[in-house]
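Counting with numbering that gives the first Met the number 0, you get residues 0 to 452 for the letters of the sequence shown.
Glycine residues also receive a C-beta, built at the ideal position from the N, C-alpha and C atoms.
Reviewing the structure listed below.
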Amino acid sequence: MDQRSTHNPIKLDDGAVAAGEACVHCGLCLPACPTYTETFDEADSPRGRIMLMLGLNRGDVTYDDSVKGHLDGCLNCRACETACPSGVVYHQLLENTRDKLHESGVDPTVGGGGLTRWFFLNVLTKPTRLKLALLPARVLQKLKLYGLVRGLGLPRLLPRSFRKMEAMLGPGEAWPKPLPERSRSGGVSNLIGALAPGSVGKPPPQPKVGFLPGCIGSVMFNDVNRKAVELLAAAGADVLVPKAQTCCGAIHHHAAETDDAKRMARQNIDAFEKDRPEMIATTIAGCGAMLHDYANLLSDDPAYAEKARQFAATVRDVTQVLTDLGMPEMKHEVRRTVTYHDACHLCHAQKVTAEPRTLLAEVPGLTLVPLTESEICCGAAGTYNLTQPGMAERLAHRKLNHIAETKADIAAMGNVGCATHLRATAAQRGDTLEIVHPVDLLHEAVFGPDGDR
């Protein structure tokens, strides 16, 4: 750490300071905070971290290894925002603090350091590069040789964060194909339109739904994305996947590379602006939360502030869009017992909790059982599980223990990070647990287990 700046205050933006000063220290956030409920250390709580960050701004807190540890330990899960009666927008204060520390040079390892950081920013966020990086493993999987690689313990030769990434690698296509730029199908909305008065002889209008597959999602979640597009089209949407879109910018934003995050936000706004979709859907909670935050991210950009506000207002989780459109007929039974985990950036950042459960409860034959602490973070938190493996593993075991209590054979969740993190930890424990996206179950109910239309 660069000691030259440790005693100098960092000057936070006025909005971030106002967010922190809105805290009245009531403590209602404490039982909602995953790290506090694990350590019971006040400095690992939201209000404790707020005091540290405001102290850094005033200059009466020294940025040392202890303070760094408490701030880096935050998952940015935003559960405290859900619990807060004062409406403290905690994540804005945290992200602004990380930005200012990074700019000052005292905290160059936000989001990991060295090769790990480079990989996060330059491979994970670039689908073609990520596919190339995974290609050797995918070929070995295809040849049924990857189990031998793991059996020989070769992954143990990788750096620690890369060992975790390898453990999170599930089965997948060798080279996932991009989604079609446009998908249409006659569905529920078309039928309703055809029956409307005065509609005889006129093609019913199809609602335009933009779709953001995500950079990691388009590689690791490609099958889920394909199923989502098929469901949206069957529900009557004209689904648009612009080629010009890019990474949502979340990894860069959380790693204090704000200029790059802003560039990506502008590119995505421009990419979708041409078709002006009524809604923009995503299957990935982390991406959706970032898209919602474009209004805040670009608030000081005179050319994009209003565009960003309008864009963010159209963003929906895929389960919200399917609820708004009306699900296609679910003709196939799915006789499974399922529990649902709330991804933090879906329930806390986007406030989406009812729609996934309502849709799953309507699936014929499916039994949905409640999950204790469903809204508590599983430890994935973007790249957190790679940079803070100790706490991430504790939280994963806590989540898996609660899932085991439900006796469900499937856990559904709406985020690629949660799914891969918990799948890897479950395999390490020897748990026989299937982890899916709600879209997987909804697609099976509509199209059957083999996906036949």
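On a CA-only basis, which of the options is nearest residue i? Give me that one, please.
| i | options | result |
| --- | --- | --- |
| N221 | V368, V445, V435, R422 | V435 |
| M405 | T371, L385, L421 | Rather than Met, the amino acid found at residue 405 in this sequence is Thr. Ranking the options by Cα distance to T405, first place goes to T371. |
| N385 | R162, V362, R397, H401 | Inspection of the sequence shows that residue 385 is occupied by Leu rather than by Asn. Comparing Cα positions, the closest option is R162. |
| E37 | G450, D408, L394 | L394 |
| A391 | L55, V445, A423, G146 | A423 |
| P170 | V218, G209, L230, Y89 | V218 |
| D13 | R48, A31, N56, C32 | N56 |
| E374 | A264, T366, Q349 | Q349 |
| S103 | Y145, R116, K130, L11 | L11 |
| M167 | F446, D430, P448, L421 | L421 |
| Q140 | F119, P204, E165, A18 | E165 |
Residues in the same chain with beta-carbon distance under 7 Å from residue i, minus the five sequence neighbours each way, listed in chain order, please.
| i | result |
| --- | --- |
| P437 | T318, P355, L358, L359, A411, G413 |
| M289 | C247, G248, A249, H252 |
| A342 | A284, M412, G413, N414, C417 |
| N224 | L178, P212, G216, S217, T282 |
| G381 | A249, I250, H253, G285, G416 |
| I402 | T338, L370, A410, L432 |
May I ask you to report which of helix, strand or coil DSSP gives residue i?
| i | result |
| --- | --- |
| S85 | coil |
| I215 | coil |
| F161 | helix |
| K10 | coil |
| I283 | coil |
| H182 | It is worth fixing the name first, because residue 182 is Ser in this sequence and not His. Correct three-state label for S182: strand. |
| L207 | Contrary to the premise, residue 207 reads as Lys rather than Leu in this sequence. K207: strand per DSSP, three-state reduction. |
| R315 | strand |
| M412 | coil |
| E433 | strand |
| Y339 | strand |
| L367 | strand |
| L142 | coil |
| V351 | coil |
| L231 | helix |
| I191 | With a pLDDT of only 43 at I191, under 50, the local geometry of the prediction cannot be trusted, and the value read off the model is given with reservation. The answer is helix: DSSP assigns I191 an H, G or I state. |
| V238 | strand |
| M263 | helix |
Given a cut-off of 8 Å on the beta-carbon distance, is the pair residue i and residue j in contact?
| i | j | result |
| --- | --- | --- |
| D316 | L296 | no |
| L74 | C286 | no |
| A407 | V320 | no |
| A236 | Q266 | no |
| L178 | G209 | no |
| L29 | R48 | no |
| I409 | R335 | yes |
| L453 | Y339 | The shown model of the chain, from 0 to 452, leaves out residue 453, and the question about it has no answer. |
| G72 | T34 | yes |
| K207 | I268 | no |
| V60 | G54 | yes |
| P154 | L114 | no |
| R77 | H347 | yes |
| A270 | P241 | yes |
Which same chain residues end up closer than 6 Å to residue i when comparing Cβ atoms and leaving out the 5 residues on each side of it in sequence?
| i | result |
| --- | --- |
| T124 | C214, C246, I250 |
| A227 | T282, V317, V438 |
| T476 | Shown here, the chain extends from 0 to 452; a query on residue 476 therefore has no answer. |
| V23 | S85 |
| N400 | none |
| Y89 | P45, C79, E80 |
| A15 | Q91, L92, N95 |
| A260 | G248, H251, H252 |
Here's a check: name, in chain order, each residue in its chain whose Cβ is nearer than 8 Å to the Cβ of residue i, leaving out the five neighbours to either side.
| i | result |
| --- | --- |
| G138 | Residue identity differs from the one stated: residue 138 is Val in this sequence, not Gly. Once the five neighbours on either side are set aside, the close Cβ partners of V138 are A173. |
So, does the segment 313-331 touch the segment 427-442, judging by three or more C-beta pairs under 8 Å? Look at the beta carbons and you see the segment 313-331 touching the segment 427-442: at least three pairs across the two are nearer than 8 Å.
Given 8 Å, three or more beta-carbon pairs between the segment 27-44 and the segment 302-312: Not touching, per the Cβ criterion.
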